[in-house]
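Respectively, the protein sequence lines represent chains A and B.
With the first letter of the first sequence counted as 1, position 33 gets the number 310 in the numbering used here; the numbers rise by one all the way through.
With the first letter of the second sequence counted as 1, position 339 gets the number 625 in the numbering used here; the numbers rise by one all the way through.
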Amino acid sequence: MGKDLVVRIQNLTKIYLQGEINVTALDNVSLDIARGEFLTLMGPSGSGKSTLLHIMAGIDRPTSGKCYVESVDVTKLTESQLADWRNQNVGFVFQSFNLIPVLTAFENVELPLLLTGLSGKRRRDQVRTALEMVGLADRAGHLPRQLSGGQEQRVAIARALVTDPHLVVADEPTGNLDANSANEVLGILQSLARGGEKTVIMVTHDPKAAAFGSRSIHLEKGELIREETTQ
Amino acid sequence: MTIGGFIIKNALRNKRRALLSILSVAVSLFLLVTLLVLLRELTTPMQDADAAMRIAVRNRVSLANTLPYRQRAVIERIPGVAAITPFTFFGGKFRNEDIPSFAQFAMDPVQLTNVFGEAKLPLDQLNNWIADRSSCIIGIETAKRYDFKIGDKIKLVGTVWPADLELTIKGIYKGTPDDRNVLFHHDYMDEACGRLGIVGTWWVRAKSLEEVPLVVERINKEFKNTSAEVLAETERSFVLGFISMWGNIKILIGSISTVVVFTLILVSGSTMSMAIRERFRELAVLKALGFRRHELFAFILAESFGFAMLGALVGVGGAWLLYTNINITAATKGMFVAFELTPRIMAIGFGVASLLGVVASIMPSISMARMSVVQGLKTLD
Numbered sequence: 278m279g280k281d282l283v284v285r286i287q288n289l290t291k292i293y294l295q296g297e298i299n300v301t302a303l304d305n306v307s308l309d310i311a312r313g314e315f316l317t318l319m320g321p322s323g324s325g326k327s328t329l330l331h332i333m334a335g336i337d338r339p340t341s342g343k344c345y346v347e348s349v350d351v352t353k354l355t356e357s358q359l360a361d362w363r364n365q366n367v368g369f370v371f372q373s374f375n376l377i378p379v380l381t382a383f384e385n386v387e388l389p390l391l392l393t394g395l396s397g398k399r400r401r402d403q404v405r406t407a408l409e410m411v412g413l414a415d416r417a418g419h420l421p422r423q424l425s426g427g428q429e430q431r432v433a434i435a436r437a438l439v440t441d442p443h444l445v446v447a448d449e450p451t452g453n454l455d456a457n458s459a460n461e462v463l464g465i466l467q468s469l470a471r472g473g474e475k476t477v478i479m480v481t482h483d484p485k486a487a488a489f490g491s492r493s494i495h496l497e498k499g500e501l502i503r504e505e506t507t508q
Numbered sequence: 287m288t289i290g291g292f293i294i295k296n297a298l299r300n301k302r303r304a305l306l307s308i309l310s311v312a313v314s315l316f317l318l319v320t321l322l323v324l325l326r327e328l329t330t331p332m333q334d335a336d337a338a339m340r341i342a343v344r345n346r347v348s349l350a351n352t353l354p355y356r357q358r359a360v361i362e363r364i365p366g367v368a369a370i371t372p373f374t375f376f377g378g379k380f381r382n383e384d385i386p387s388f389a390q391f392a393m394d395p396v397q398l399t400n401v402f403g404e405a406k407l408p409l410d411q412l413n414n415w416i417a418d419r420s421s422c423i424i425g426i427e428t429a430k431r432y433d434f435k436i437g438d439k440i441k442l443v444g445t446v447w448p449a450d451l452e453l454t455i456k457g458i459y460k461g462t463p464d465d466r467n468v469l470f471h472h473d474y475m476d477e478a479c480g481r482l483g484i485v486g487t488w489w490v491r492a493k494s495l496e497e498v499p500l501v502v503e504r505i506n507k508e509f510k511n512t513s514a515e516v517l518a519e520t521e522r523s524f525v526l527g528f529i530s531m532w533g534n535i536k537i538l539i540g541s542i543s544t545v546v547v548f549t550l551i552l553v554s555g556s557t558m559s560m561a562i563r564e565r566f567r568e569l570a571v572l573k574a575l576g577f578r579r580h581e582l583f584a585f586i587l588a589e590s591f592g593f594a595m596l597g598a599l600v601g602v603g604g605a606w607l608l609y610t611n612i613n614i615t616a617a618t619k620g621m622f623v624a625f626e627l628t629p630r631i632m633a634i635g636f637g638v639a640s641l642l643g644v645v646a647s648i649m650p651s652i653s654m655a656r657m658s659v660v661q662g663l664k665t666l667d
């Protein structure tokens, strides 16, 4: 694996069994992603973009092929090893935010740190830093229902960043947001990649959202059909 | 935030459901421990030193069959016998009560303290009772219930025996396991019935604890192949045998208890499953964030166990508070003189709650373990 590569995918295939029919979600996909890239995955529904994202993030397994992230073949890890690996290496941002409704913004961001063994003070410091990065330090004590959609998604980004992962994966992060909030969220994701330390991979339908990325991959029927450099 | 705080916040997210879950466990466990106390009170005779040395002698055919009075002299001569008294259930009606709250027994008053040493009454009252054939003594509970005083008269209308009795109260005793009975002269009852010369049972006190089994054997042997064969047994055996005449109450209460526990497990399991199913997507998010299966299982178990234990605290604790503070004799109209929630029964209550907490968490945990992160994220999306 090259020095600047964060993700290397080789001949990745994913076949689902839907009832009695085999559905090919990914068909022999190969792809390299460099450190500091903001890669967008585009394509119509059922094209396999979310499946590809899930395999790279270690929450789904391929039928065949290899997926190296930071030189680790995530397809070879056990469930337990994958859980640890995700906690240390991947930050997740979902379309519907997926914050825990009974926890405050601060507590939602703190959640992944409960697994790290950090002291309470260190955890609090990291949470404050993450919330400051997304401009929500003053909303730390608010419950998700007391926040706007854009603010909720920014809290979700803070939760994704709090463990300082190399890889941030976002599945349609602006799908439930208005245009202004979407721009704010995309701006934050873009700035993460621009810093060079984080690699951001985002699934989107929206070409405007994709324009924030540095490279765009188009999938169709499980195959990688086109690649564009957007910046 | 701590893991414990996270579990508590999750458990209390739907406060109404949490309250109802706790209450359903509490009510069921209250019922369960009440049934167990009931079973204990019905099947466990009071044990004290006097009771251990007492032997009940009844007709071998059944308790309803009588024994001839002439047996007394024979039993008195058996080695190891310290004292003997006839003890015959009168079963009379009192006032308008067909089944009075007190039992009435005819006995030999001279032998009261020899056979039933735990009965305490002042010596002058005992002597007055012995001296007057038409008198009786009553337990303090009955005295309180009917506001009886020494010198009052009690009229009992015979239903089992062909006589009505009018008795003058000469003493009030206490200290027995059941301070309700009315005791009067056997000789007086026999005379009122026309000198039938029969008794219901004999109660015998052995000279020592070691001699009890020997005396039992000797009495049984003495009347073997006579016209009135007897069954002598310890007081404990006698009481248990008496209770068994009600039917197999142990199986009845045991069956009800089992149904209560089984229903409780079904209800709690279903409630927990529902609570977890609603949170599948959140659990998938937690998995994505790095929480492992066993950690999520611990969350579910802690929540389920917490509800069950809170339910036990309310149900078993409530039962303990109630039965400790209530006047059970008054509340049950004299049916029970004690209704003790023992540490053993409380432990059973909490044990059932623990089991419930674990069992109720198994199904949702299996569902959670089988769910992949991707499947979970698709839930409700």
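We put the beta carbon where it would ideally sit given N, CA and C, even for glycine.
Around the beta-carbon of residue 457/B, 16 or more other beta-carbon atoms lie within 10 Å, marking it buried.
Counting C-beta pairs closer than 8 Å gives three or more between the region 497-515 of chain B and the region 363-376 of chain B, which meets the contact rule. Straight across, the Cα-Cα distance linking residue 444/A with residue 371/A is about 14 Å.
With fewer than 16 other beta carbons inside 10 angstroms of its own, residue 409/A counts as exposed. Not a single CB atom of chain B sits nearer than 8 Å to the CB of residue 408/A. Each of 497/A, 375/A, 417/A was checked against the Cα of residue 572/B, and the nearest Cα belongs to 375/A.
Taking a C-beta distance under 8 Å as the contact criterion, residue 300/A and residue 293/A qualify as a contact pair. Annotation note: the region 380-409 of chain B contains the following uninterrupted alpha helix (DSSP H) runs of length 4 or greater, listed N- to C-terminal: 398-401. Look at residue 539/B: its C-beta is not under 8 Å from any C-beta on chain A. Here residue 501/A has 306, 308, 494 as same chain residues with Cβ atoms under 7 Å from its own Cβ, once five neighbours each way along the sequence are excluded. With respect to the 8 Å criterion, residue 527/B and residue 374/B are not classified as neighbours on the basis of their beta carbons. By the C-beta criterion, the region 345-354 of chain B is judged not to be in contact with the region 574-590 of chain B, since fewer than 3 inter-stretch pairs fall below 8 Å.
Shown in chain order are the members of the region 379-398 of chain A whose Cβ falls below 7 Å from a Cβ of chain B: 379, 380, 384, 387, 388, 389, 391, 392.
By the C-beta density criterion, residue 463/A is buried, having at least 16 other C-beta atoms within 10 angstroms. Only buried fits residue 471/B, as 16 or more other CB atoms lie within 10 angstroms of its CB. In chain order, 336, 363, 369 make up the part of chain A whose C-beta sits under 7 Å from the C-beta of residue 574/B. Our two residues, residue 624/B and residue 453/B, have alpha carbons roughly 28 Å apart in a direct line. Apart from the 5 residues on each side of it in sequence, residue 354/B sits with its Cβ closer than 7 Å to the Cβ of 483, 484, 514 in its chain, given in chain order. Each of 525/B, 576/B, 544/B was checked against the Cα of residue 642/B, and the nearest Cα belongs to 544/B.
The three-state secondary structure of residue 577/B, taken from DSSP, is coil. Cβ neighbours of residue 288/A within its own chain (closer than 8 Å, five residues either side excluded): 305, 306, 307, 341, 342, 343. For residue 327/A, the enclosing alpha helix (DSSP H) starts and ends at 326-333.
For residue 454/B, the beta-bridge partners assigned by DSSP are 421/B, 439/B. Boundaries of the beta strand (DSSP E) harbouring residue 305/A: 298-311, taken from the DSSP string. With contact defined as three or more Cβ pairs closer than 8 Å, the region 400-418 of chain A and the region 378-385 of chain A are in contact. What residue 356/A touches in chain B, judged by beta-carbon distance under 8 Å, is 578, 579, going in chain order. For residue 289/B, the chain A residues whose C-beta falls within less than 8 Å of its own C-beta are 391, listed in chain order.
Using a CB distance below 7 Å, the part of the region 320-353 of chain A facing chain B consists of 331, 336, 337, ordered along the chain. A check of alpha carbon separations from residue 449/A across 354/A, 316/A, 310/A, 303/A identifies 316/A as the nearest. At a C-beta separation below 9 Å, residue 383/B has no neighbours in chain A, since its nearest C-beta there lies roughly 60 Å away. Check the Cα spacing between residue 312/A and each of 492/A, 476/A, 318/A, 433/A: the tightest is with 476/A. Assigned with DSSP and collapsed to three states, residue 385/A falls in helix. 295, 296, 298, 299: these are the residues of the region 294-326 of chain B whose beta carbon lies less than 9 Å from some beta carbon of chain A, given in chain order.
In the three-state DSSP reduction, residue 347/B falls in the coil class, being neither helix nor strand.
In this structure, the CA atom of residue 318/A is about 23 Å from the CA atom of residue 429/A. If you compare the alpha carbons of 481/B, 387/B, 369/B with that of residue 617/B, the shortest gap goes to 387/B.
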